[in-house]
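Structure first, commentary second.
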Amino acid sequence: MINQTAENRKVRREALRLLAQVERQGLDITNAYRDGQAFLDRFGDFKRFIDKVDHFHVFVDLVEERLPQFEAPKRDALARHLAEIRWRIIVVEVDSTQVFLVRIGESGRPWPLGSREFLQRRLHRLDDFLEYYDRHGLQYGLAPLGSAMLHAVEDLLKAQIERAPGLKDFSFESQAVPEPASPRPRAQSTQRRKRPRLTERPAPPVPQPRLRVREMAGRFYVERDGIVAVTQVCRMANMSMDQLAAKLGVSRAALVLMLNGNDPISRGPLDMLRSFMAQNGGVAA
């Protein structure tokens with residue numbers, strides 16, 4: 001009983017430490033990206049913004065998983081606080097997405113390879129936001145997202161998805177059209193000289209995303225580059241990390257920790273992850 005109490009205190013301290021980090025990250029994102037600041041019409045700037053937002057949500061998930069260790073009044077207050085912070089960042093994300101899409105649409109700047117899948121995930125995120133509000137909006141008094149703004153962002157995303165190149169659009173080999181041969185002078189001999197064929201060098205094979213797992217003391221750990229391999233396979237399978245986590249029966253935060261090698265992964269999710277890799281072009285060692 002004493003050990004259990006000590007462990008609960010340790011979990012609560014860790015949750016409060018993570019909460020402080022969530023608050024700092026939320027403040028940094030709000031100050032840096034309010035009203036679409038910190039980027040113009042460059043895809044790389046917007047992609048870095050989305051990466052920061054995704055990283056922020058992972059830390060919120062980590063705190064929420066530890067809330068059951070707190071007593072009811074404290075747990076409820078922390079849940080409300082986290083919901084308010086998360087929703088504030090969601091509003092910043094929607095606002096910034098709208099600003100960026102308008103800017104890149106006006107500039108006509110081309111989208112990079114693979115950006116179609118990225119934009120499709122952003123479109124799906126709008127449904128996630130509405131679902132989150134349906135679950136927690138009234139409970140915590142969150143201000144609803146304006147329907148006009150959501151429809152505007154949806155229309156902008158769909159318009160840019162049509163322009164953005166997807167990975168599958170570039171999976172074929174381009175074939176050069178031969179130029180018409182110029183006519184030979186009549187006085188030239190009709191005997192043709194044979195030229196040796198130039199053997200084309202095959203393109204180097206694209207390495208398959210590889211998931212490496214090691215066993216230590218009867219427990220399985222993914223190598224640190226596992227999250228990179230799984231992210232690549234998710235992209236090829238047109239699946240988000242949230243969807244993969246749900247398929248494995250774990251939270252997104254827990255999956256990230258396992259793929260970074262921080263937490264062990266049990267046999268059941270590991271077998272499902274290996275199967276997912278094999279079915280979608282990856283390799284699980």
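Final position of the sequence shown in my numbering is 285; the numbers increase by one with none missing.
Glycine included, C-beta positions come from ideal geometry on N, C-alpha and C.
Could you round the C-beta distance between residue 235 and residue 245 to whole angstroms and report it? I think they count as a contact, below 8 Å.
That belief does not hold up - the Cβ atoms of residue 235 and residue 245 are roughly 15 Å apart, past 8 Å.
Comparing alpha-carbon positions, which option in 38, 75 and 129 lies nearest residue 103?
38
Quick one: is residue 301 buried, meaning 16 or more other Cβ sit within 10 Å of its Cβ, or exposed?
With the chain covering 1 to 285 only, the question about residue 301 has no answer from this structure.
Rounded to a whole number of angstroms, what is the C-alpha to C-alpha distance between residue 107 and residue 44?
15 Å
Indicate the three-state DSSP secondary structure (helix, strand or coil) for residue 250 in the structure shown.
Reduced to three states, the DSSP call for residue 250 is coil.
Please specify which runs of the alpha helix (DSSP H), each continuous and at least 4 residues long, are wholly inside the region 215-248, giving them in chain order.
226-236 and 241-248
In whole angstroms, what is the alpha-carbon distance linking residue 173 and residue 49?
Because the pLDDT at residue 173 is just 39, under 50, the model does not fix this residue reliably, and the value given afterwards should be weighed accordingly. Taking the straight line joining both Cα atoms gives about 34 Å.
Using the beta-carbon count (16 or more within 10 Å), is residue 6 buried or exposed?
By the neighbour-count definition (other C-beta atoms within 10 Å, threshold 16), residue 6 is an exposed residue.
Please report the straight-line C-alpha distance between residue 242 and residue 109, rounded to a whole angstrom.
30 Å
Kindly indicate which three-state DSSP category residue 210 falls into: helix, strand or coil?
strand
Smallest Cα separation from residue 67: which of 29, 40, 59 and 15?
15
Could you tell me how far apart the beta carbons of residue 159 and residue 105 are, in whole angstroms, since I believe they sit closer than 8 Å?
Beta-carbon to beta-carbon, residue 159 and residue 105 are separated by about 7 Å, close enough to satisfy the 8 Å threshold.
Quick check on residue 287: buried or exposed, where buried means 16 or more other Cβ atoms within 10 Å of its Cβ?
There is simply no residue 287 to check, as the chain begins at 1 and stops at 285 in what is shown.
Rounding to the nearest angstrom, what Cα-Cα distance links residue 115 and residue 230 in this structure?
In this structure, the straight-line span from the alpha carbon of residue 115 to that of residue 230 is close to 18 Å.
Just to confirm my understanding: we take residue 122, look at its own chain, exclude 5 residues before and 5 after, and list those with CB closer than 8 Å. What are they?
50, 97 and 157
Quick one: give me the first and last residue of the alpha helix (DSSP H) that residue 269 is part of.
267-279
Does the distance from the CB of residue 145 to the CB of residue 129 come in under 8 Å?
yes
Using the Cα positions of residue 21 and residue 63, report the straight-line distance between them to the nearest angstrom.
10 Å
Please state the DSSP three-state secondary structure of residue 188.
Model confidence at residue 188 stands at a pLDDT of 46, short of 50, so the residue's coordinates are unreliable and nothing is read from them.
Give the DSSP-derived three-state secondary structure of residue 32 in the structure shown.
helix
Measuring only the C-alpha atoms, how far is residue 214 from residue 135?
One C-alpha to the other measures close to 39 Å.
May I have a chain-ordered list of the alpha helix (DSSP H) segments no shorter than 4 residues that lie completely inside the region 25-80?
43-66
Can you check DSSP and say which residues form a bridge with residue 284?
211
Starting from the C-beta of residue 278, find all residues in its chain whose C-beta is less than 7 Å away, skip the five residues before and the five after it, and write them out in chain order.
284
Starting from the C-beta of residue 61, find all residues in its chain whose C-beta is less than 7 Å away, skip the five residues before and the five after it, and write them out in chain order.
251, 252 and 253
Between the Cα of residue 29 and those of 92, 125, 151 and 164, spot the shortest distance and give me the residue it belongs to.
92
Do you know how far the Cα of residue 153 is from the Cα of residue 260?
Their Cα atoms are separated by approximately 33 Å.
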